[in-house]
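Undergrad: FYI, the numbering for the sequence shown is 34 to 390, going by my numbering.
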Amino acid sequence: MKALVTANLSSEALSRLEDEHGFDVDYAPIAERDTRLPEDEFIDRLQGVEILIVGYEGVSERVLDATEDLQIIACARGGPDANVDIQAATEHGIPVLYAPGRNAISVADFTWGMILSVGRQIAHAHHLLHTGTYTGDPVSDAASGGEREDVTWGVAQDSPYANLKGPELRDKTLGIIGMGAIGQEVATRAQGFGVDLLGYDPYVDTEGMADHTVEKADLETLLEESDFVTVHCPVTESTRGLLGSDEFAAMKESAFFINTARGAIIDQDALVESLQNGGIRGAALDVYDKEPLPEDHPLLKLDNTVTTPHLAGAAEEVVDHHSQMILDDIEALFNGSQPVHIADDAVLEDFSFTRKH
Ligand code: NAI
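Have a look at this one:
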């Protein structure tokens with residue numbers, strides 16, 4: 034029995050496939066390649082394969098037509114429709130497993146890092162220090178009255194203490210747009226900071242708002258009342274450009290905006306304008322309308338902006354999470370039981386895994 038794995042997979046999951054289930058695994062993880070496998074090579078390597086664990090290769094109708102033995106597709110991503118033609122797979126009788134929320138913890142942790150970093154100017158202060166501001170000889174010993182040699186900033190003058198202030202989080206309001214896997218995880222981390230939560234998600238009812246810790250709001254109210262606004266919805270027809278100049282204008286001038294979801298959800302030019310003109314106080318962004326950002330992009334010149342290169346979902350444990358979810362569901366299919374994460378379970382009506390080789 035053969036399996037092709039083009040996603041990154043944990044050694045534990047590989048061993049379950051090879052040692053426990055007797056698969057001959059062709060392991061070609063994306064981490065060891067620069068690019069996706071070219072389609073023809075992908076098709077060649079799929080010959081005789083019964084299980085495909087795919088990362089980014091396109092599983093199109095053409096690919097499916099060119100395979101005879103394939104019985105299970107598992108996509109190591111939160112949304113399999115980005116690269117797997119689910120309808121074609123269903124028509125071929127092949128279940129598509131996937132790993133929703135695999136990096137929800139990763140992105141939620143990172144989002145709080147962004148909130149603190151932009152609010153308290155941590156990244157900006159780091160940048161200033163690394164580029165020679167606030168280094169060198171003491172400016173004054175006003176802070177210490179001359180009694181301490183280790184602290185010699187002038188607190189009332191041109192010091193970081195005076196220049197790099199930001200708000201405490203307690204009693205501030207965080208507005209969460211999109212209360213799915215990541216939005217819920219962001220909400221559960223708020224309690225320790227004493228932050229009030231508003232949530233906007235047309236598809237989640239009040240009960241679904243992180244066990245009632247989040248007050249359901251419409252978008253307008255959320256934007257007007259939040260001190261921090263963070264985005265966690267997918268790009269769809271209704272969310273593309275969801276936040277533009279009107280929405281940034283609706284936010285408080287003292288508010289911060291965080292986007293670790295996708296650049297296409299906002300009008301990036303409108304955000305830049307708002308940041309440049311004091312429409313809002315700051316932004317922390319992990320995603321952009323075009324990635325990577327061009328070297329001379331205005332976002333990279335703003336002091337009130339924290340920018341990271343699309344890594345909110347990159348925690349070390351994410352591979353373990355998707356590996357375990359996928360292997361558990363593959364084993365469910367072996368046993369004839371219902372997998373937890375399956376794109377279209379209608380396919381199961383006529384499905385049973387058969388060991389052919
Ligand atoms: P999810 O599917 O669990 O949750 C998305 C939520 O957005 C759902 O509750 C849905 O009802 C809601 N939603 C849909 N349309 C909406 C609208 N018009 N307004 C408000 N809410 C709406 O997805 P998950 O796992 O929470 O991920 C969210 C997004 O985060 C992903 O779509 C992805 O783009 C992004 N992401 C970014 C990563 C990074 O590295 N920066 C890593 C992982 C995900």
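Think of the CB as a built atom: it goes at the ideal place given N, C-alpha and C, for glycine as much as any other residue.
Just confirm the distance between the C-beta atoms of A122 and G88, as a whole number of angstroms; I'd bet it's less than 8 Å.
TA: On the sequence shown, residue 122 is found 89 positions in, with the first residue counted as 1. On the sequence shown, residue 88 is found 55 positions in, with the first residue counted as 1. About 16 Å; that fails the 8 Å criterion.
Undergrad: How would you write the range of the alpha helix (DSSP H) that E83 sits in, first residue to last?
TA: For the purposes of this step, residue 83 is identified with residue 50 of the sequence shown, where counting begins at 1. Taken as a continuous stretch (DSSP letters only), E83 belongs to no alpha helix (DSSP H), being part of the beta strand (DSSP E) at V82 to V87.
Undergrad: Which residues in the same chain have their Cβ closer than 7 Å to the Cβ of R135, if we skip the five residues on either side of it in sequence?
TA: Residue mapping note: residue 135 aligns to position 102 of the sequence shown, counting from 1. Around R135: G111, V351, H354, H355 and M358.
Undergrad: Per DSSP, what are the beta-bridge partners of C266 in this structure?
TA: On the sequence shown, position 233 is the one that residue 266 refers to. Bridge partners of C266: none, in fact.
Undergrad: Look at the alpha carbon of D142 and the alpha carbon of V219, and state the distance between them as a whole number of angstroms.
TA: Counting from 1 along the sequence shown, the entry for residue 142 is found at position 109. Counting from 1 along the sequence shown, the entry for residue 219 is found at position 186. Cα to Cα, D142 sits roughly 7 Å from V219.
Undergrad: Can you give, in chain order, each stretch of the beta strand (DSSP E) that sits fully within the segment 50–86 and has at least 3 residues?
TA: Runs of the beta strand (DSSP E) inside the segment 50–86: 57–60.
Undergrad: Short of 6 Å in beta carbon distance, which residues of its chain neighbour D84, apart from the five on each side in sequence? Order them along the chain.
TA: One-based indexing of the sequence shown puts residue 84 at position 51. As written in the sequence, residue 84 is Ile, which differs from the Asp given in the question. So the qualifying residues of the chain are A36 and I105.
Undergrad: Since I believe F290 is in contact with L304 (beta carbons under 8 Å), could you give me their beta-carbon distance rounded to a whole number of angstroms?
TA: What you label residue 304 is simply residue 271 of the sequence shown in a count that begins at 1. What you label residue 290 is simply residue 257 of the sequence shown in a count that begins at 1. At roughly 7 Å, the Cβ-Cβ gap stays under 8 Å, so L304 and F290 are in contact.
Undergrad: With the cut-off set at 8 Å, would you say V92 and A317 are in Cβ contact?
TA: Locating residue 92 in the sequence shown gives position 59, counting from the first residue. Locating residue 317 in the sequence shown gives position 284, counting from the first residue. Going by C-beta atoms, V92 is not nearer than 8 Å to A317.
Undergrad: Please list, in chain order, all residues of the same chain as T100 whose beta carbon is under 6 Å from its beta carbon, the five residues on each side excluded.
TA: Along the sequence shown, one-based indexing puts residue 100 at 67. So the qualifying residues of the chain are L79.
Undergrad: Since I believe T338 is in contact with L366 (beta carbons under 8 Å), could you give me their beta-carbon distance rounded to a whole number of angstroms?
TA: Here residue 366 corresponds to residue number 333 of the sequence shown, with the count starting at 1. Here residue 338 corresponds to residue number 305 of the sequence shown, with the count starting at 1. About 46 Å; that fails the 8 Å criterion.
Undergrad: Can you find the residues in the same chain that come closer than 8 Å, C-beta to C-beta, to D300, ignoring five residues on each side of it along the sequence?
TA: For the purposes of this step, residue 300 is taken as the residue at position 267 of the sequence shown. Answer for D300: G274, L276, G277 and S278, listed in chain order.
Undergrad: For K205, does the count of other Cβ atoms within 10 angstroms reach 16, so buried, or fall short, so exposed?
TA: The residue you call residue 205 lines up with position 172 of the sequence shown. Only buried fits K205, as 16 or more other CB atoms lie within 10 angstroms of its CB.
Undergrad: Could you name the residues of the same chain whose beta carbon sits closer than 7 Å to that of T293, not counting the 5 residues immediately before and after it, in chain order?
TA: Position 260 of the sequence shown holds residue 293. Closer than 7 Å at the Cβ level, and outside the excluded window around T293, lie V140, F143, T144, M147, D319, V320 and A345.
Undergrad: Could you tell me which whole beta strand (DSSP E) segments of length 3 or greater appear in the segment 227–278?
TA: 229–233 and 261–264
Undergrad: Along the chain, where does the beta strand (DSSP E) containing V339 start, and where does it finish?
TA: If you number the sequence shown from 1, residue 339 lands on position 306. Start and end: T338 to T340.
Undergrad: Within the continuous alpha helix (DSSP H) that includes N196, where are the two ends?
TA: Mapped onto the sequence shown, residue 196 falls at position 163. From DSSP, the alpha helix (DSSP H) with N196 extends over P193 to N196.
Undergrad: Out of curiosity, what's the CA-to-CA distance linking Y194 and L149?
TA: In the sequence shown, counting from the first residue as 1, residue 194 sits at position 161. In the sequence shown, counting from the first residue as 1, residue 149 sits at position 116. Near 16 Å, if we compare the C-alpha coordinates of L149 and Y194.
Undergrad: Taking the alpha carbon of S370 as the reference point, which residue from D362, F281 and L207 has its own alpha carbon closest?
TA: Indexing the sequence shown from 1 puts residue 370 at position 337. Of the candidates D362, F281 and L207, the one whose C-alpha sits nearest the C-alpha of S370 is D362.
Undergrad: Which residues mark the beginning and the end of the beta strand (DSSP E) in which G208 is found?
TA: Numbered from its first residue, the sequence shown carries residue 208 at position 175. Segment T206 to I210, the beta strand (DSSP E) holding G208.
Undergrad: Using the beta-carbon count (16 or more within 10 Å), is L302 buried or exposed?
TA: In the sequence shown, counting from the first residue as 1, residue 302 sits at position 269. Sequence check: residue 302 is Asp here, not Leu. By the 10 Å Cβ count, D302 comes out exposed.
Undergrad: Quick check on L202: buried or exposed, where buried means 16 or more other Cβ atoms within 10 Å of its Cβ?
TA: Walking along the sequence shown from the start, residue 202 turns up at place 169. Buried, since its Cβ has 16 or more Cβ neighbours within 10 Å.
Undergrad: Where DSSP assigns a beta bridge to A107, which residues make up the other side?
TA: Position 74 of the sequence shown, counting from 1, holds the residue named residue 107. I86 and L130.
Undergrad: According to DSSP, is L162 helix, strand or coil?
TA: As a first step, residue 162 is located in the sequence shown; it is residue number 129 there, counting from the start. L162 falls in the helix class under three-state DSSP.
Undergrad: Taking just the CA atoms, how far does E248 sit from E45?
TA: Start at 1 with the first residue of the sequence shown, and residue 45 comes out as number 12. Start at 1 with the first residue of the sequence shown, and residue 248 comes out as number 215. One C-alpha to the other measures close to 41 Å.
Undergrad: If you drop the 5 nearest sequence neighbours on each side, which residues of the same chain put their C-beta closer than 7 Å to that of E280?
TA: Residue 280 sits at position 247 when you count from the first residue of the sequence shown. If we look at E280 and ignore the five residues flanking it on each side, its Cβ neighbours are L256.
Undergrad: Between which two residues does the beta strand (DSSP E) holding G315 run?
TA: Position 282 of the sequence shown, counted from the first residue, corresponds to residue 315. Looking at the DSSP string, the run of the beta strand (DSSP E) that includes G315 is G315 to L318.
Undergrad: Compute every distance between the C-beta of S271 and the non-hydrogen atoms of the ligand NAI, then say whether any falls below 7 Å.
TA: Stepping through the sequence shown from its first residue, residue 271 is reached at position 238. Checking every heavy atom of the ligand NAI against the Cβ of S271, one is found closer than 7 Å.
Undergrad: Just to confirm before moving on: does the CB-CB distance between V129 and A376 stay below 8 Å?
TA: Start at 1 with the first residue of the sequence shown, and residue 129 comes out as number 96. Start at 1 with the first residue of the sequence shown, and residue 376 comes out as number 343. Cβ distance < 8 Å, so V129 and A376 count as in contact.
Undergrad: Go ahead and pull the three-state DSSP assignment for L202.
TA: The residue you call residue 202 lines up with position 169 of the sequence shown. Three-state result, L202: coil.
Undergrad: To the nearest angstrom, how far is the alpha carbon of E306 from that of L231?
TA: Locating residue 306 in the sequence shown gives position 273, counting from the first residue. Locating residue 231 in the sequence shown gives position 198, counting from the first residue. Near 26 Å, if we compare the C-alpha coordinates of L231 and E306.
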